[in-house]
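The structure appears right after this line, and notes come after that.
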Ligand code: SF4
Ligand code: SF4
Ligand code: FES
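Residue numbers (our numbering), protein chains in the order written: chain L, 30 to 185; chain R, 170 to 501.
Quick look at the structure:
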């Protein structure tokens, strides 16, 4: 049923801040939607646009990129580079018919476990409202294999 | 001994690939001498039935240009695959969809409206739309079915080789033809790229790169670039960083940005790579600004890049990671 839809969010989390924020949210037992599949990256600048497109094609309903606040990036300006890419990527994805809410960039410091959890909750609600993406199946007209595989692999 | 057989076919294409083959000059006479042409609708009157009558694997070398956009294209792709020993995706349309593939950003209905109703030079009062089936005195005739999604040749049948380019450079075609004519071994088949380089176009582009950052983008008609200097650093969206070498960087050398016709490098998504390259030449969003001002300044610069999807994927959309846009009535 549509109202039970549990979106899949692929989360690219910076090792130095947001990944620790997610850890903190866990140890502090913050309750938030179990929708994010976290992937640790060394910096938001490591997130190539290809990663995002691939996640969307392979079954993600949304992609969350989370990193250090401007001025706090471990590699000085990696997060600003990420913001430049992300801004252009959003404009391009609009042309592909992908709603703005499906790809988000947030800043979450290592101490901001609660903020990260809130971002995931917020995005989950937005994706619920938008409904599933299921690119291969619904846009490319392929069989639903990819999504099942993804659910078994990472959702199980 | 009978001569080896040669075929060339056009599916959804502009015809430029056929011309590019003739651009090899006198070498075409050697091709004619060495091969028996058994199918080539552009230059000789063969019928599809002739091809159907050939035994499987009868055609030694088939150059297939054009994307797969309708049922006729698809039928011929299957037929020529069956009848050919070596099937080559010739040119950007067959390789990656090229300009026809840009239709994947919209719907068939919208494309038809633009062509048959909305275009300024169309007399829309006649309301003439192509009819799938028509009655004529001789009986019923039908036209091929237009597909919602344009595909590359290798998305429909396996191809042995790919020669990129829009169109492929004569020099590169000649090198491949000479190799075939002299019986030299080609690399192992299986969607293998031949007649092109293996590095980014920037590496064969002689324009000076000064690692300069920019604060806005220009469309080609808006500025006359300084000669001798990298176009991307002057604000023109030159696709060099995301495009396969092989043409000799023809366009940038005459002041025209590379549009990306040789397609992406192995395993890359051309649009995504270009997006990353473009983002790294933008100067906006310095650390002296606060978070909101940073985001605003970056957005303002990116806004000057008109039509990112159409620019980054001008040639490779149908073969890219996403392949097509998601549209309201998307039924692929
Ligand atoms: S971006 Fe274009 S002009 Fe600049 S070096 Fe690369 S190919 Fe040459
Ligand atoms: S410079 Fe770019 S667009 Fe021009 S021929 Fe070479 S690859 Fe094609
Ligand atoms: S190190 Fe965290 S965003 Fe760069």
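In this text, a Cβ means the ideal position worked out from N, Cα and C, and glycines have one as well.
This structure is a prediction, so every number in the text was calculated from the model and none was measured.
C-alpha of residue 364 of chain R to C-alpha of residue 492 of chain R: approximately 25 Å in a straight line. Contact note: residue 456 of chain R reaches chain L through 99, 100, 105, 106 and 109, using a C-beta cutoff of 9 Å and chain order. Identification of residues in the region 48 to 82 of chain L having a C-beta nearer than 9 Å to some C-beta of chain R yields 77, 78, 79, 80, 81 and 82, given in sequence order.
The residues 203, 204, 205, 229 and 230, in chain order, have a CB closer than 8 Å to that of residue 173 of chain R in the same chain once the five nearest residues on each side in sequence are set aside. A Cβ closer than 7 Å to some heavy atom of ligand 1 marks a residue here, and those residues are R/370, R/371, R/374, R/376, R/378, R/399, R/400, R/401, R/402, R/407, R/409, R/410, R/418, R/421, R/426 and R/427. A Cβ-Cβ distance of about 6 Å is found for the pair residue 335 of chain R and residue 484 of chain R, placing them in contact under the 8 Å criterion. Not a single CB atom of chain R sits nearer than 8 Å to the CB of residue 149 of chain L. Under the Cβ criterion (8 Å, minimum of three pairs), the region 74 to 82 of chain L does not count as touching the region 48 to 57 of chain L. For the region 465 to 478 of chain R, residues whose beta-carbon sits nearer than 9 Å to a beta-carbon of chain L comprise 467, 468, 470, 471, 472, 474, 476, 477 and 478. Contact between the region 422 to 442 of chain R and the region 100 to 107 of chain L is not established, with fewer than three Cβ pairs separated by less than 8 Å.
Take the alpha-carbon of residue 185 of chain R and the one of residue 259 of chain R: they are about 11 Å apart.
Residues of the region 125 to 143 of chain L whose Cβ lies closer than 7 Å to any Cβ of chain R, in chain order: 125, 126 and 127. By the CB criterion at 8 Å, residue 486 of chain R and residue 273 of chain R fall inside the cutoff. For residue 118 of chain L, the enclosing alpha helix (DSSP H) has its first and last residue at 107 to 124. Excluding the 5 residues flanking it on each side, residue 356 of chain R has same chain C-beta neighbours closer than 7 Å at 363, in chain order. Rounded to whole angstroms, the gap between the alpha carbons of residue 151 of chain L and residue 170 of chain L is 30 Å. Taking a 10 Å sphere around the C-beta of residue 331 of chain R, we find 16 or more other C-beta atoms and assign the residue as buried. Cβ-Cβ separation between residue 394 of chain R and residue 401 of chain R: approximately 10 Å, too far for a contact (criterion under 8 Å). Annotated three-state conformation of residue 252 of chain R is helix, per DSSP. Following the DSSP letters along the chain, one finds residue 50 of chain L inside the alpha helix (DSSP H) bounded by residues 47 to 56.
Comparing C-alpha distances from residue 426 of chain R to each of R/343, R/304, R/398 and R/301 shows the shortest one belongs to R/398.
In the displayed model, residue 170 of chain L falls within coil according to three-state DSSP, outside both helix and strand. For residue 224 of chain R, there are no CB contacts under 6 Å within the same chain when 5 residues up- and downstream are skipped. Residue-level contact by beta carbon holds for residue 495 of chain R and chain L, with a gap shorter than 8 Å. Residues 388 of the same chain have their beta carbon placed closer than 7 Å to that of residue 475 of chain R, with the five preceding and five following residues left out of the count. By the Cβ rule, the region 369 to 383 of chain R counts as touching the region 416 to 425 of chain R, because three or more pairs are nearer than 8 Å.
Within the DSSP bridge table, the entry for residue 179 of chain R names R/234 as partners. Taking a C-beta distance under 8 Å as the contact criterion, residue 453 of chain R and residue 384 of chain R qualify as a contact pair. In the three-state DSSP reduction, residue 361 of chain R falls in the strand class (E or B). Residues are counted here when their Cβ sits less than 8 Å from a Cβ of chain L; for the region 190 to 204 of chain R the count is zero. Sorting L/46, L/130 and L/54 by C-alpha distance to the C-alpha of residue 70 of chain L places L/46 at the top. When only Cα atoms are considered, residue 162 of chain L and residue 33 of chain L end up about 15 Å apart. Around residue 209 of chain R, the same chain offers 175, 176, 177, 178 and 215 as residues with beta carbons nearer than 8 Å, after the five sequence neighbours per side are excluded.
Put simply, the CB of residue 451 of chain R is near chain L, with a gap under 8 Å to one of its CB atoms. Flagged as an interface residue toward chain R: residue 112 of chain L, by a C-beta distance shorter than 8 Å.
In the DSSP assignment, residue 156 of chain L falls outside any beta strand (DSSP E) and lies within the alpha helix (DSSP H) extending over 142 to 159.
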